[in-house]
Structure formats: structure tokens, C-alpha cells
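Q:
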Amino acid sequence: MFFAGFDEKIANLQAQIHTHETQLNSLKRQLATVEFEAAQSSIQQRPPTYPSTSSASHTAYENHDPHDMSFGFPEDWQAETLAALSASNPPALQRWPLGKEEYKRYGRQLIMPEVGLKGQLALKASKVLIVGAGGLGCPAAAYLAGAGVGTLGLVDGDTVEESNLHRQIMHGTGRVGMGKVNSAIVGLTSLNPNVKYVPHRAHLTAESSLDIVDQYDLVLDCTDNPASRYLISDTCVLLSKPLVSASALRTDGQLMVLNNPPRPPGDSSGGPCYRCVFPKPPPPESVTSCGEGGILGPVVGVMGVLQALEAIKIISSGSLKLGTSDKEMKNHTNGNSAKDSTAQPPSLLMFSAFSPQPFRTIRLRSRKLSCPACSAQATITSETLLSGSLDYVQFCGTTHPVQILNAKERISATEYAAVREEEVVLKEMSFAQPPGHVLVDVREKVQWELAALDGAINIPFSKIASTKVPIKADEMGSKTPNRVGVESEAFWLQELRSLPTDQTMFVVCRLGNDSQLAVRKFKELGLDHDGTRAIKDIQNGLLAWRRDVDTDFPDY
Amino acid sequence: MAAEVDPAEVQTEQEEDVEVIPLTVEFSGGLEMLFADKKVHAIGLPAKTPDGKASNIAFLVDQVCEHLMEDDRKELFIQDDSVRPGILVLINDADWELEGEEKYEVKKGDKIMFVSTLHGG
Ligand SMILES: [Zn+2]
């Protein structure tokens, strides 16, 4: 077995290899592009000298190592692409519409009537943009790369974190810390080097989105926040691109195909956009992230795979006007017949992993006549987008860290650690019996079971939130406030009421938001006994405890 | 209170012998957390509102908030007297906008679903 030192060295070397591989891939891609351009200009200059059989075509470009697939332009395909570019100069440039390697690689989907040669050529000619290289984007990208889309663009500004790996399957342990887009391209290149991968290593913004999305035929929204979802939808409407949107949280997922068929604003035959379905953004406090709420890997995986499937369905149906290689399509098919009628009526697919009926589809509305993005009265235009007058982040609002308590009601993790230490010392000296304190951990039970501080008691915040504050009893002449209906009081509340009132109560949670709300609620419920008992929030909760007091406390 | 609203229970809040419409109300996308972590609720809704009008979705939302919701944080379900943005209301598996939104008059056996949009990815 290894010593710990070896593991570290191995990880280190792997990380270095991956970094260099990425650089190498990037250089190779640049080289390929330059070579491609050079070849292109030479074709234009001299008459074509293509061999008439595909077996001989190897000689034409044999200066490339046939096993080196990192070019993004393996020779078979390169020959074809060049052939397509010089289509105005017949003779027949190759014997079969796909390269030898492509027949083999895509054989299992080629023999399906849903794809076939026509579908495969459409896939090959297509350019797909995936916004977000996370839990949705990774599986979506894997299946689209596997299926042989021609160009796959990836947008993400984040770096790979360890907590991503259970679901973001294109990244790897050795690539923690690497940009997600670069990391995903390493994984995808190993899966299928014949796809052209285009990195966009920053988050999409109102300023950049039109330029980026314009380079593609279809967009997958694999992001994780409402602001991005509105921005991507608006951009897709303006540029007439269909949008496959998905999201996931905990055990649930949702999927919608929007702006399909992709028609210009004002054309009511186009599919609804995100704003048609959700005209107003949700209040920011109602938006839960995977980091806060949790996510099961296969749940978000299912949704990402379904996005890839919807994209393949749209592309292989031939309904898209693909930006490039129109010539190629015409060479091998009977033209690109617009079959918009194949677009399914707008719907929302809901996946609920633990439900007896895990997949359900509901019918959605069509385009909204008053939609600010896709209707005839649209106010969102390329100009408003580029001018920055649409502030998507502001539109969706942001949550500020909860700040509802005054300084006296809060204590830092370090100060709380000192309180604990002092109690221990006093007890040891034993000439004074301190009243002690009570530590209430308000994380949900499942988190509490992962790790907790010694001596803490657990009262999940959901129980606290669902406890109603009774009507004040002042008018009944009672000196104790809020004690109406004690007999029906929640068990946890009775438990806290039974504690000695000279004990200070400290409240802790994961990050320090819920604990503040809990302190406020405890006071409303009269647990401070009119100020006799101090109730204090531990600022930034266990995050601060780990950071400032006990670095061994598990970080999850 | 009981997690399930017994048709009779809602009825007692109204006049006696009030006609009740049996309905299924379902919560999804995390909204169930506000309703005792229970997704499907069989309820009975009075056929008429207190001012004698046929019960519609607006009245149902009101009653759901009043009788079914266990959480104190009403704002996670209702804002400005209506279902908050980010919640899709589905009437028998169709977007309520296809059915007349709040004004849709509920019928026996209707399945009304409230789905919170998810944003994670
Ligand atoms: Zn719209």
C-alpha cells in the first residue's frame, strides 16, 4: 500500500500532466487551425488533385500522425471538410458521405431511422453551445460529443471543485482547481477527438452573449441561476436559436424546450420563451442552490442527458437552418427541408426521482402576446442587451446575507470557543459552578448527523420555521408573554422552555443565516424570558468555527 | 393540525351543509416543504366562496394558504395576494394560463399542482 506521501505526489503529477496536456491540446488546435487555413488557401490557388478513392486519400495529408487525434481535424474528416469547401470544384471528392472512422464510431446510431445518414450529417454540421459546464453541462456535453456534433462550445467561468466531482462527470480529481471549460475539454477530447471544442472561459454576460450565441445553431442552458436563464432565453429569441433548458435540485429536475420552432419576435408560430413561462423572476430568497439544498448526481445527470437527447432530436430532424456546411447537407441529402412541424407542442418535463411516477409532462402555454422578449411588443432588443440597460442580476435580485440581529445578539466563533474553554476551566477549579450554556444547532437533522459540536442539541430550522408564534397574551393580563396554548406547543419548544433560565443560549447553523432567524423566533416565542436569558447567534456558524477555531471540523 | 385536510374539517369552517368539491392538490419542486413535506393532499373545497361565488383558483390558493400550509413563511408561497413568481400553477397537467388562471372555477376531481421552478444545475 502507498504511503500518504505517494498519493500526494501522484495527484500532483497528474495535475501537472493535465495542465500540460491542456496547453498541448490548445497548441495543437491552434496549429491545426493555421494548417487548415493554409490548406484552404492552397486549394483556392491550385486545381484540386484529390485521389478518387478514399483509401488513397491518406497520402494526401500524411504529414499528420494518423493516431494523433488531438488536432480536432483527423485526416478523414479533414479531407472531407476540405472537400466540402471546394465543392464548387467537382470531381467527386470522396466515395462515401462519411469517413471510414465515422461509420464505425457512429454505426450504432447510424442504423437507426431516427438518425440515419441524414441525421448524422446534420449532427456533424451542427454547432451546439452549452452554457454551464457543471452537473447538467457535463453529461449533456458527453452525449453530444459522443453523438458527433461538429462543434461544441462550452461557457463557464468557474473552476473545478472537489464538491463538484460526484456529479460533474467530465471533470476529474486531478483537475480540481482547473477551469471547468478546460477540464471538460480534456475529458471530452478523450471521448471524441473529432469534435471541435470551443472554450468560452467566462460567464455569459449581456455584453458577450449575442456574439457568442450567434456562432451556434442551438443552445443548452445548463446554468444554475435565474439571471443567466433570462439572459440566455432573451439572446436565443433575438438570434432565433432553439433553447433546451434544464434545472435540477435535490431529487427533482425540470426540462423545457423553448423558442422551438425558433421564430423572430412577433411571430406567434414560434415556441414560447423563458419569459413567456416565467414573466417575473422568483424572489431571490426562494431560490435554493445545489450547494444549499443538495443534489443527487444521477438526478442532475438524467436532466443533462435529456437535454442532449432533445438537442439530438432537434438537430437530426433537419429542421434547423445550420449555420455552416449547408453545402455538405445538399451534397448528400435532398436538401434541407424545413420541418418545423416536427417541433413538439411546448411542454415541461418534470422528473421526481423518489416519486412513484418519476416522469411527468405538463402542457405549457404558447408565446405570450405581451412577452417583452418574443412578442410583437418586445422591448428587449439587441441594442438594449448590448447597451447594458438590462441588468439581469438586478432584475432577479440578490440575497444579502441575513443581518437582522444587533451586535449584542451575536458572538464570533472565537469568542464562543473562549466561553467553552472558560467553563471547562471553572469546572476544573470547582470552587465555582458555572450555570453553563446551551448550544442549539439548527441545521437539519441530516446535516447534524454528519458532524456536530460536543454538547449541542439539534432543533432543525424547518421545525422552528413551521412553528407559529401565538397571539400575544397581554390583554389576558398574563405576565408571561406568548404562552397561549402551551398544551399544543411543539415538543422542541417545551424542551427549550424547561432549561434553566440562567443559561445563555447560543444558536449555530452551517453558515450563520438560519441561526439569526432562529434567535429572532426564539425571542418572539418568549424563550428569552423577558430578557432574563441571553440568546446569541454564532456569527457565520460552523463555517467560522472551522475557519477560526477547529480546522478539522468537516467541510461539506 | 392534521397534515391532511379532511373535507369535513374545511367544511366546519363554513356554514353547515355547504357543498364541497373534492380536489387533489399537489406540491412539487421543493414547495412540499411548506406543506409538512407531503406532496399530494386530498382536500375538500367549499363549492362557494363566503360571498356566494363559485370557488375558483384564487379562492383555492387562499384556502390552501390558510389551512394546508404548515410553515410560517407565507411569502414563500404567496406574494401580493397571488401565487408568487417562480411557481407554476397547473390545472389538470396544463399551465393555468391555458385555463383562465385565477378565475378558473374548480370542478370535482380536478388536480391542481403547484410547481416551484428549480434553478440548480
Ligand atoms: Zn416570450
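Going down the list, the sequences are from chains A and B.
Numbering of the first sequence is given in the working numbering, commencing with residue 27 and proceeding in unit increments.
Numbering of the second sequence is given in the working numbering, commencing with residue 8 and proceeding in unit increments.
Ideal placement from N, C-alpha and C gives every residue a C-beta, glycine not left out.
Hey, is the region 436-452 of chain A in contact with the region 562-582 of chain A, meaning 3+ C-beta pairs nearer than 8 Å?
A: Flag = yes, the region 436-452 of chain A and the region 562-582 of chain A touch.
Q: Using the Cα positions of Ala167(A) and Leu178(A), report the straight-line distance between them to the nearest angstrom.
A: Whole-angstrom Cα-Cα distance: 8 Å.
Q: Got a sec: does ligand 1 put a non-hydrogen atom nearer than 8 Å to the Cβ of Ala369(A)?
A: No, since every heavy atom of ligand 1 falls outside the 8 Å radius drawn around the Cβ of Ala369(A).
Q: For a test of your reading of the model: does the CB of Ala399(A) fall under 8 Å from any non-hydrogen atom of ligand 1? Yes or no.
A: At least one heavy atom of ligand 1 is nearer than 8 Å to the Cβ of Ala399(A), so yes.
Q: Give a yes or no on whether 9 Å exceeds the smallest Cβ distance from Val122(B) to chain A.
A: Yes, contact with chain A.
Q: Here's a check: name, in chain order, each residue in its chain whose Cβ is nearer than 6 Å to the Cβ of Ser273(A), leaving out the five neighbours to either side.
A: Here the set comprises Gln280.
Q: For Phe66(B) and Leu375(A), I'd like the C-alpha separation in whole angstroms.
A: The straight-line gap from Cα to Cα measures roughly 28 Å.
Q: Near Gln70(A), what residues of its chain come up, given a Cβ to Cβ distance below 6 Å and the 5 sequence neighbours on each side ignored?
A: Per-residue confidence for Gln70(A) stands at a pLDDT of 45, beneath the threshold of 50, marking its modelled position as unreliable; the derived number appears in the next sentence. No residues qualify anywhere along the chain.
Q: So does Val263(A) have its beta carbon nearer than 8 Å to some heavy atom of ligand 1?
A: Yes, the beta carbon of Val263(A) sits closer than 8 Å to at least one heavy atom of ligand 1.
Q: For the pair the region 211-219 of chain A and the region 227-240 of chain A, tell me if three or more CB-CB distances fall below 8 Å.
A: Touching, no.
Q: Could you confirm whether any beta carbon from chain D is found closer than 9 Å to the beta carbon of Leu30(B)?
A: No chain D is present in this structure, whose protein chains are A and B.
Q: Does any residue of chain A have a CB that is nearer than 9 Å to the CB of Glu77(B)?
A: Judged by the 9 Å Cβ criterion, Glu77(B) is in contact with chain A.
Q: Can you confirm whether Lys46(B), when its beta carbon is compared against all beta carbons of chain A, has any partner nearer than 9 Å?
A: It does; some Cβ of chain A falls within 9 Å.
Q: Counting C-beta neighbours from all protein chains within 10 Å, is the total for Phe32(A) 16 or more, i.e. buried, or is it exposed?
A: Exposed, by the Cβ-count rule.
Q: Run the CB neighbour count on Arg276(A), radius 10 Å, all protein chains shown included, and call it buried at 16 or more, exposed below.
A: That one is buried.
Q: Ordered along the chain, which non-local residues of its own chain (more than five positions away) have a Cβ less than 8 Å from that of Glu47(A)?
A: Val212, listed in sequence order.
Q: Which of the three DSSP states is assigned to Val495(A) in this structure?
A: Residue state, collapsed to three classes: coil.
Q: Going by CA-CA distance only, name the one from His44(A), His463(A), Asp556(A), Val245(A) that's closest to Gly481(A).
A: Comparing Cα-Cα distances from Gly481(A) to each of His44(A), His463(A), Asp556(A), Val245(A), the minimum goes to His463(A).
Q: Can you tell me which of Thr215(A), Lys144(A), Ala151(A), Asp237(A) puts its alpha carbon nearest to the alpha carbon of Ala171(A)?
A: Of Thr215(A), Lys144(A), Ala151(A), Asp237(A), the residue nearest in Cα terms is Thr215(A).
Q: Might you give, ordered along the chain, the residues of its own chain that have their beta carbon closer than 8 Å to the beta carbon of Tyr242(A), omitting 5 neighbours on each side?
A: Hits under 8 Å: Lys153, Val154, Leu155, Thr177, Gly179, Lys267, Gly349.
Q: Is Tyr255(A) near ligand 1, in the sense that its beta carbon is under 8 Å from a heavy atom of that ligand?
A: For the sequence presented, residue 255(A) should be read as Arg rather than Tyr. For ligand 1, not one heavy atom lies less than 8 Å from the Cβ of Arg255(A).
Q: Along chain A, in chain order, which residues have C-beta atoms closer than 9 Å to that of Ala101(B)?
A: Those within 9 Å of Ala101(B) in chain A are Ile388, Arg389, Leu390, Arg391.
Q: Return the bridge partner residues of Lys153(A) from the DSSP annotation.
A: Thr177(A), per the DSSP bridge assignment.
Q: Taking C-beta to C-beta, are Ala560(A) and Thr530(A) nearer than 9 Å?
A: Going by C-beta atoms, Ala560(A) is nearer than 9 Å to Thr530(A).
Q: Identify each residue in the region 265-278 of chain A for which the Cβ-Cβ distance to at least one residue of chain B is less than 8 Å, and report them in chain order.
A: Listed in sequence order: Ala272, Ser273, Ala274, Leu275, Arg276, Asp278.
Q: What residues in the region 534-552 of chain A bring their beta carbon closer than 7 Å to a beta carbon of chain B?
A: Correct list: empty, as no residue qualifies.
Q: In chain order, which continuous runs of the alpha helix (DSSP H) of length 4 or greater are located wholly inside the region 235-270 of chain A?
A: Here the runs fully enclosed are 235-239, 252-264.
Q: Does the distance from the CB of Val283(A) to the CB of Leu265(A) come in under 9 Å?
A: Cβ distance not < 9 Å, so Val283(A) and Leu265(A) don't count as in contact.
Q: Are any of the Cβ atoms in chain A nearer than 9 Å to that of Gly116(B)?
A: No, no contact with chain A.
Q: For Glu127(A) and Gly133(A), I'd like the C-alpha separation in whole angstroms.
A: For Glu127(A) and Gly133(A), the distance between alpha carbons rounds to 10 Å.
Q: Enumerate in chain order the residues of its own chain whose CB-to-CB distance from Gln40(A) is below 7 Å, with the five nearest sequence positions on each side excluded.
A: Excluding residues within five positions, the ones whose Cβ falls inside 7 Å are Gly200.
Q: Tell me, to the nearest whole angstrom, how far the beta carbon of Arg301(A) is from that of Pro372(A); I am working on the premise that it is less than 8 Å.
A: In fact, because the Cβ distance is near 13 Å, the residues do not count as touching under 8 Å.
Q: Given 8 Å as the limit, tell me if Arg393(A) has its C-beta closer than that to any heavy atom belonging to ligand 1.
A: Arg393(A): yes, Cβ under 8 Å from ligand 1.
Q: If you scan the region 502-565 of chain A from start to end, which runs of the beta strand (DSSP E) of 3 or more residues do you find wholly inside it?
A: DSSP runs (the beta strand (DSSP E)) wholly in the region 502-565 of chain A: 530-534, 561-564.
Q: With DSSP run on the structure shown, which of helix, strand or coil describes Glu470(A)?
A: In this structure, Glu470(A) counts as coil in the three-state DSSP scheme.
Q: Taking Cβ to Cβ, would you say Leu149(A) is nearer than 9 Å to Ile341(A)?
A: Yes, these two residues count as a Cβ contact at 9 Å.
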